[in-house]
Amino acid sequence: MRGDEAVGYRVQIYWEGENEWYEGVVDKYSVEKGYYIKYDDGEEQWEFDKEEYPIRFLSKVESKEVETDPIADMIQGNNYHANVTTRSNSESEISYSDDTDSEQEDLQMEQSDSKASDDLEEERHNLKAASRTSGKENAMKSDFMVSTNFKSVNPARAFMRTSTIFFRDEESLREMRQKLRQEKKLLTNQIHILKLQLTEKELVAASLQTDLRNLHTSAALANVMHEVPKSANFSSKCGNSFKPRTAVEWNERILDQKLENKSTSNELVILKTAVQDKQFAIKRKERQRDELSAELARVPRRYLCTLVDLQIEISQLLKEKRLLDCHSQPSLESDDKGTTTTAALQNELAGLEVTTERYKDQLRQWHFKMDCEKARLAPLQERLVSLHQELECYKDSQTLLRSAFLLLEPDSCDECVSLDGSLTVFQMLTPPGRDALSVEEMAARLKESGIEQQRFSFTQFVAAFNCLCNSWN
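For what it's worth, the working numbering labels the leading residue of the sequence shown as -8, then goes sequentially.
Given below as structure tokens:
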């Protein structure tokens, strides 16, 4: 049955997207557009008769049956609108809420979905009850529809096909919700990173402000120092002997002390840095010394010998080599005997070379020991020189002679001491390892030197002691 004859017939049409057959009534026919079908779920659109899934023509219905109930359609549409609105609202709340509230909102969405489905089921039962009481023709028609084995159609399906904003299933909603959550986490991480960067910038700005404030303070102090009068500078240079009296002078003194403290602190920092560098260098040298000591301790004792022994052994080897060179003559023996002699000499030469290498190693070790001893001797010599210098300084200072002279209790009138007391002190100051002279001998030597005074001042006391020291030498 094709063409205009199908108008008014009840048909079934296959929907590929939903993989189901839906029932409706043919209202119009057009060669270009096809059949204009009014579906039972309220949708109206043009359909073509496809070859793979053709239109199934069931039976012709009267005009009363084709008409739909506008009140039922309005109720179904309103219910579906409410369902979609609740779904979209719940989804938007899920996408912009925190992760901790998402489970509660999912439960609310499921409850709203269950309530909407219950409302749809109640309306469907009401529509069926109304259709059963509409008369015999409606009862026959309902019996005919019940007798068919096709699935019932959801009334909200028509709005889902024609609406521009809808969701096909719950999986797409979950995917969208997951994407929105991931995007939210990403934005949260970016906000956290930006906050950290902002905090870091604030710290840097605070440090820069502190440095700028310190620079301003230093510049102000420098300007004040340039503006200080010459008299104040002169007084500060003279050892701060001038005592400030006014508040201005005290402020100038405070500024001078601050600048001096700042320069002193800078010098202290430089000195501390130098001390740390020297300490690191000393630790490095000590580590090298320990390593070399450990390496020297690992050398067997039998390989340790003196440099003299090495030189003697080297001279003996050179003598033997010269003797071997003098006694080397062309042999007239047989080839076998010559070969044997050559092999023996080569073996002996190899042994001598091994011995020579060993002595060379020992010689290097002794050179190394000599260097170590020289390194140890150098600071001792420096110490000896410094001690001699200190001793000369002590002698030049005449501190000991001054103490001995004061022990004799010189007279307050002429600051002189007697000859006998001086000779007794000279006998006590005799250097160790020298024979002590008697008082008569020391007096005789002083007379020989032309010193015949009976009382000595400090200068004469020192001259007499030097004369005796020369006689001791």
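Here a beta-carbon is modelled for each residue, glycine too, at the ideal position from N, C-alpha and C.
Residues bridged to residue i (per DSSP)
i: I28; result: V17 and Q36
i: I4; result: Y13
i: V408; result: F447
Whole-angstrom C-beta distance between residue j and residue i, which should lie under 8 angstroms
i: G8; j: D31; result: In fact, because the Cβ distance is near 18 angstroms, the residues do not count as touching under 8 angstroms.
i: Y20; j: V(-2); result: 6 angstroms
i: V453; j: Q389; result: 6 angstroms
i: S413; j: A455; result: 7 angstroms
i: Q356; j: V290; result: 7 angstroms
i: M433; j: Q444; result: Contact doesn't hold; Cβ gap of about 14 angstroms is too wide.
i: L354; j: L308; result: Contact doesn't hold; Cβ gap of about 12 angstroms is too wide.
i: K51; j: Y13; result: No, K51 and Y13 are not in contact; Cβ-Cβ is about 19 angstroms, not under 8 angstroms.
i: A435; j: V416; result: Rounded, the Cβ-Cβ distance is 18 angstroms, inconsistent with contact.
Local conformation of residue i per DSSP, three classes
i: S413; result: helix
i: K234; result: coil
i: V453; result: helix
i: T77; result: In this prediction, T77 scores a pLDDT of 46, lower than 50, which makes its location untrustworthy; the coordinate-derived value is nonetheless stated afterwards. In this structure, T77 counts as helix in the three-state DSSP scheme.
i: R446; result: strand
i: V195; result: helix
i: S284; result: helix
i: F157; result: Annotation note: pLDDT 47 at F157 (below 50); position unreliable, no value reported.
i: L259; result: helix
i: L295; result: coil
i: A541; result: Shown here, the chain extends from -8 to 464; a query on residue 541 therefore has no answer.
i: A149; result: A caution first: A149 carries a pLDDT of 42, below 50, which makes its placement in the model unreliable, though a value can still be read off. Helix.
i: T333; result: helix
i: P370; result: helix
i: G(-1); result: coil
i: R(-7); result: coil
i: S403; result: coil
i: L375; result: helix
i: L420; result: coil
i: V266; result: helix
i: R289; result: coil
i: M65; result: Confidence at M65 is low in this model, with a pLDDT of 46, below 50, so its placement is unreliable and no value can be given for it.
i: K221; result: Because K221 carries a pLDDT of 42, less than 50, the predicted location of this residue cannot be relied on, and the following value inherits that uncertainty. Note: K221 maps to helix in three-state DSSP.
i: E23; result: coil
i: S462; result: helix
Run of the alpha helix (DSSP H) containing residue i, from where it starts to where it stops
i: S394; result: T390 to L398
i: R47; result: Not the alpha helix (DSSP H): R47 falls in the beta strand (DSSP E), residues R47 to K51.
i: Q307; result: L298 to H318
i: V430; result: V430 to E439
CA nearest to the CA of residue i, picked from the options
i: E311; options: Y27, E373, Y294 and E344; result: E344
i: W6; options: A435, R278 and R47; result: R47
i: T347; options: E364, R355 and I305; result: I305
i: R(-7); options: E35, Y13 and L49; result: L49
i: I4; options: Y26, D(-5) and L287; result: Y26
i: F449; options: R278, L399, E35 and I182; result: L399
i: I437; options: E243, M419 and N457; result: According to the sequence displayed, residue 437 carries Leu and not Ile. Of the listed residues, the one whose Cα sits closest to L437 is N457.
i: E23; options: K29, E11 and F39; result: F39
i: L397; options: F447, K365, H379 and D362; result: F447
i: F359; options: N252, W241, E286 and K51; result: E286
i: D405; options: K365, F417, Q451 and A427; result: Q451
i: V17; options: Q36, E11 and K170; result: Q36
i: D(-5); options: N10, W12 and I28; result: I28
i: L392; options: Q380, T421, E277 and E282; result: T421
i: E251; options: A288, K274 and L212; result: L212
i: D362; options: S403, L298 and T179; result: L298
i: K276; options: A366, D387 and L295; result: A366
i: R349; options: C296, D316 and E364; result: C296
i: A427; options: L459, D402, S440 and V195; result: L459
Interface flag, residue i vs chain E, CB-CB below 7 angstroms
i: Q200; result: Chain labels in this structure do not include chain E; a single protein chain is all it has.
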